[in-house]
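The number in my numbering is simply the position in the sequence shown, starting from 1, with 484 added.
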Amino acid sequence: MLRVYKRLGELLIDQGLISEDTLQQAVSLQKKVNKPIGEVLVGMGVISWEDIYDSLSKQYGLKVLEDLPNMLSPEVLRMIPKPVADRLNVIPIEYLPENGLLRVVTTDVLKVPQIDRELSFLTGNKISTLLVPPPMFDALYRSSYEESASSEIIDNTFSIDQHSEVDLDEQKVDETDDTPVAKFINSLLDNGIRSDASDIHLEPYEKMAVARMRVDGVLRKILSYPRKAHNSVVSRIKVMSNLDISEKRMPQDGKFYIRRGNEQFDMRVSTMPTIFGEKVVMRILRVSNAKKQLEDLGLSEYNRQRFESIITSPYGIILVSGPTGSGKSTTLVAVLNQVTSDKVNVLTAEDPVEYTIEGISQCQVNTDIGLTFARYLRSFLRQDPDIIMVGEIRDRETAQLAIEASLTGHLVFSTIHTNSAAGAVARLVNMGVDPFLLGTSLIGVMGQRLVRKLCNNCKVKIPVREEVRKIASMLYPNRDDFSEYIPGNGCPECRGMGYRGRTSISEILVVDNKLRQLIGENASEREIAAAAISGGMRTLYNDGVQKVIDGITSLEEIKRVAIEY
């Protein structure tokens, strides 16, 4: 007997999931928005994707995939080329060689017969097709075909035998965009931008070259490619960055710009010679970050109020401390956006100038010709400044000039590499700065770190651990209903990492009269830290615990970057 399949709307009505009136409303809306009826119903909030696909599963006798795999292997993805996957609306998820079975997922139940027929012919394997709702399918697609640079890029880009003696350097000065090398670099850049990577590393080794990306502060390998192709890749990047392609024995720095959609990205390029060739690191800077505000930094309300209270001072020194890669430059950008106006003259000396900020005179340090931070500071004082930003205090001369500038009525911002806010004071004294002058000029120090945020799609709630409850009770003495989350097993949304994106934790040391006296008396770092805490400073660890109970990050992530004291 011929089986009759009902249309989706009728099916949902028969199963009591929606009413006839609801379906008619959805049909009317569908004519205006031109979307599938299922998407319209979900958008109206009357039904979930899970209910829709459970109904389709029962009618068509197909299983629904409940748990998406964390990551898909490149070998499985290569079994179905991307153009075929796009045309059939399908993604391969698992291959069982012992059974000759390829498992795939789709959102389109009506295409299942065509999928089984075409893929069995294409792959020579039996096909098992499962259903997934569109949101899950889209997330899996992004984490596989889009965000994972599989070796298909290499297959389509370099048809090169790694043992071949062909001279690939012929391509090094070719500036067209349709060469294999150009396509390869564009693929890497697109992948890095989609993944929100901060850096792309291209590293040559004895037999192969490796591409890695730093995403949310963690490096991960993306692909390997023939080492014979590496020289051409490096030469192409040098041409894009206006570097000397004939110089391979010395490090070089440069930059270039690309646009993706309406967004511009500045690529800071650094090359360095190694025993197997030149290593390249490209820092990806999103131009829109130059417009960041203080509220975009992830500061807690308590710390934001403390920080805003010091950056409005008319004069003095404000420091941002932390190790390399802790977000100090981004914080200074947000601060400058906060204090800049037509009524103030703002001058900066940076090495390098990462973000261009409108309304500010920014200067690039060039030590090769003697343009150091200290040299710029001397010149700034003759330029009638109101606010001065020095990219970093590295030596006694720069520190001394910054103090002199603050004592003559200027507001000075800078960064310093220390492990804590209190450590910035000790570091400046060790540089040779007079403790009394430092105590007089210093307004405050912001110590910060970047921590990864838990993936909201797969994080797991657990009972609050005692060490978290202890600090949380100190932060919120009138509250006892604390929650805690840990990373889950990973999902396509977070590329199987359990974390997605980063935020900051911070400690704000505000110099009051007691601290000013301690600094002038050359007190120890421990004494300064104790006085700052008694004066209201929340430590990095405690600020991190607040983000733990808010479900933003995990205790393990806080312990990775901060210690309790």
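For every residue, glycine included, the Cβ atom is placed at its ideal position computed from N, Cα and C.
- Distance from the CA of Leu572 to the CA of Thr899, rounded to the nearest whole angstrom, comes to 53 Å.
- The beta-carbon distance between Leu803 and Ala713, rounded to whole angstroms, is 45 Å. This is too long to meet the 8 Å contact definition.
- Met692 and Pro710 have their alpha carbons spaced roughly 5 Å apart.
- Taking C-beta atoms under 8 Å as the contact rule, Ile1033 and Glu991 fail to qualify, at a distance of about 17 Å.
- Nearest to Ser813 by C-alpha distance, out of Ser797, Ala833, Pro798, is Ala833.
- The alpha helix (DSSP H) runs lying completely inside the segment 654-704 and spanning 4 residues or more are 664-678, given in chain order.
- Bounds of any alpha helix (DSSP H) do not take in Gln777, whose DSSP letter is neither H nor E.
- For Lys739, the number of other beta carbons within 10 angstroms of its own is at least 16, and it is reported as buried.
- When Leu938, Tyr579, Lys595 are compared, the shortest CA-CA separation from Gly608 is found for Tyr579.
- Judged by their CB atoms, Arg752 and Pro836 are nearer to each other than the 8 Å cut-off.
- The count of Cβ pairs closer than 8 Å, one atom from the segment 763-773 and one from the segment 680-692, reaches three, so the stretches are in contact.
- For Gly782, the secondary structure class from DSSP, reduced to helix, strand or coil, is coil.
- Taking 8 Å as the upper bound for CB-CB distance, Ile1003 and Leu926 are in contact here, some 7 Å apart.
- If you look at Thr590, you'll find it in the beta strand (DSSP E) that goes 585-590.
- Comparing alpha-carbon positions, the option among Gly800, Arg866, Pro576 lying closest to Tyr625 turns out to be Pro576.
- CA-to-CA, the gap between Thr755 and Met958 works out to about 49 Å.
- Contact check for Leu594 and Ser612: beta-carbon distance about 18 Å, past the 8 Å limit, so the pair fails to qualify.
- Residue pairing from DSSP leaves Met915 without any beta-bridge partner.
- Inter-segment contact for the segment 970-988 and the segment 927-935 is present: three or more beta-carbon pairs are separated by less than 8 Å.
- Take the alpha-carbon of Lys542 and the one of Gln499: they are about 11 Å apart.
- In terms of CA proximity to Phe864, Val830 leads the group Ala569, Gln736, Val830, Tyr689.
- For Arg984, the uninterrupted beta strand (DSSP E) segment begins and ends at 983-994.
- The shortest CA-to-CA distance from Ser784 to any of Glu1048, Gln1030, Leu1039, Asn518 is the one to Gln1030.
- Here the C-alpha atom of Ala666 lies approximately 37 Å from the C-alpha atom of Gly854.
- Going by DSSP, Leu603 is part of no beta strand (DSSP E) but of the alpha helix (DSSP H) stretching over 596-607.
- Taking a cut-off of 8 Å for Cβ pairs, the segment 1005-1021 and the segment 716-735 do not touch, as fewer than three such pairs fall below it.
- Residues Thr613 of the same chain have their beta carbon placed closer than 6 Å to that of Val596, with the five preceding and five following residues left out of the count.
- For Gln736, the pairing in a beta bridge is given by DSSP as Thr755.
- Shown here for Pro619: same chain residues with a beta carbon closer than 7 Å to its own, the five before and five after excluded, namely Trp533 in chain order.
- Rounded to whole angstroms, the Cβ separation of Leu861 and Ala906 is 25 Å, and the two are not in contact under 8 Å.
- Spatial neighbours of Ala774 in its own chain (CB-CB distance under 7 Å, excluding positions within 5 residues in sequence) are listed in chain order as Val817, Tyr839, Thr840, Ile841.
- DSSP places Thr899 within a strand segment (E or B) once states are collapsed to three.
- The alpha-carbon of Arg704 is positioned some 37 Å away from that of Glu1009.
- The beta-carbon separation of Ile844 and Thr824, rounded to 6 Å, stays under the 8 Å limit for a contact.
- Along the segment 945-976, the alpha helix (DSSP H) occurs as fully enclosed runs of 4 or more residues at 950-959, listed in sequence order.
- Within the DSSP bridge table, the entry for Glu762 names Pro757 as partners.
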